[in-house]
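Which chain is which? The protein sequence lines are W and R, in order.
In terms of numbering that gives the first Met the number 0, the first sequence opens at residue 0 and continues consecutively.
In terms of numbering that gives the first Met the number 0, the second sequence opens at residue 0 and continues consecutively.
One structure is given here, and the rest of the page talks about it.
2 protein chains.
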Amino acid sequence: MVKLTAQRQAILDLINASNRHWDAEELSRALGDAGQAVGIATVYRGLAFLEAEGLVASIQLADRKRYERADKAHHDHMVCTACGHIEEFAHATIEALQEAAARERGFTISGHQLVMFGRCADCTKGNNT
Amino acid sequence: MVKLTAQRQAILDLINASNRHWDAEELSRALGDAGQAVGIATVYRGLAFLEAEGLVASIQLADRKRYERADKAHHDHMVCTACGHIEEFAHATIEALQEAAARERGFTISGHQLVMFGRCADCTKGNNT
DNA sequence: AGAGGAATGATAATCATTATCATTATCAAT
DNA sequence: ATTGATAATGATAATGATTATCATTCCTCT
Chain W
0 MVKLTAQRQA
10 ILDLINASNR
20 HWDAEELSRA
30 LGDAGQAVGI
40 ATVYRGLAFL
50 EAEGLVASIQ
60 LADRKRYERA
70 DKAHHDHMVC
80 TACGHIEEFA
90 HATIEALQEA
100 AARERGFTIS
110 GHQLVMFGRC
120 ADCTKGNNT
Chain R
0 MVKLTAQRQA
10 ILDLINASNR
20 HWDAEELSRA
30 LGDAGQAVGI
40 ATVYRGLAFL
50 EAEGLVASIQ
60 LADRKRYERA
70 DKAHHDHMVC
80 TACGHIEEFA
90 HATIEALQEA
100 AARERGFTIS
110 GHQLVMFGRC
120 ADCTKGNNT
């Protein structure tokens, strides 16, 4: 079984090269621009594979799924509804309380997602739409 | 401007009548079964209106949006990935910590969503798929 | 070199949601 | 009650992200 193919490696490299939160199409386009064209279907499959292997992480937003590096400590996200900026934050206490709440209810949690929506610092000041 | 029409009232009544988390199609089907047929497009528009008015609340899951009563204290959700059961939980401390984290970063939060995924108590015991 | 199995890529299909548009209902003023 | 303006409805088409299909290509092992 092959697995980490050239295309998947290219996707992974691109994600690892920054702190961006990419969607599938952005990745396909960026790879094309870099001379390493990868079909959109392959990008989707590659992302599913990379995520299953724990090599990339993702957040499910309302409209699309976005992927980011996995080699960071666990964190959650604040999404600016004005400019799209995504900011990360980690909070050990919140994590611990979540787990406790799940345990109390007999839930075996396999994951969670906390997303806060609002206006980032810049947009709060600048009065963006 | 009219607003709370018969169809919207019917949607609202149905949602208020239980603790279920409905998606648009379930609502349309249930209304049809109850002799009060409402077109699917009207259900979507009605839900958007009702949510904008604060009359219903929603959670955005990976695949679809689900609506529930708004006349409950704020709470978050645990979703069972085996049976689909949705359980609610409220945690004032988590809420407060979230707000503090946002404030620290200059974020003006307008909302948030915390969803935990895993197996509910029954499915953990019963070994469902 | 050839076979078997997996990955790729172009494209069709799917599915939730939104847009379109003709028709109908509602409200206010006559 | 009739008209007119405005908004809502419902059937259906369109959209957009994601997944499935399938012929072709690529590995890897023999």
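Yeah, the Cβ is synthetic: ideal placement off N, Cα and C, and Gly gets one too.
Residues that DSSP places opposite residue i in a beta bridge
i      : result
R:H111 : W:M115
R:E86  : R:M77
R:A23  : Paired residue(s): none; R:A23 is not in a bridge.
DSSP state of residue i mapped onto helix, strand, coil
i      : result
R:R68  : strand
W:S17  : coil
R:A33  : coil
W:R102 : helix
W:D62  : coil
W:T4   : coil
Start and end residues, beta strand (DSSP E) containing residue i
i     : result
R:V55 : 55 to 59
The alpha helix (DSSP H) enclosing residue i, as first and last residue numbers
i      : result
W:L46  : 39 to 51
R:T123 : 120 to 125
Nearest-angstrom Cβ-Cβ length linking residue i and residue j, presumed shorter than 8 Å
i     : j      : result
W:A23 : W:L13  : With 8 Å as the limit, W:A23 and W:L13 do not qualify as a contact, their Cβ atoms being about 12 Å apart.
W:G34 : R:A120 : With 8 Å as the limit, W:G34 and R:A120 do not qualify as a contact, their Cβ atoms being about 53 Å apart.
W:Y66 : W:V55  : 5 Å
W:D75 : W:V114 : 7 Å
W:C79 : W:G117 : 7 Å
R:H90 : W:A100 : 6 Å
R:R19 : R:F48  : The Cβ separation is near 20 Å, so there is no contact.
R:A95 : W:Q59  : At roughly 25 Å, the Cβ-Cβ gap does not stay under 8 Å, so R:A95 and W:Q59 are not in contact.
Where residue i falls, given that 16 or more other Cβ within 10 Å makes a residue buried
i      : result
W:D70  : exposed
R:V1   : exposed
R:G131 : The question about residue 131 of chain R has no answer here: the residues shown for chain R are numbered 0 through 128.
W:G45  : buried
W:Q97  : buried
W:A16  : exposed
W:A9   : buried
W:I39  : exposed
R:H111 : buried
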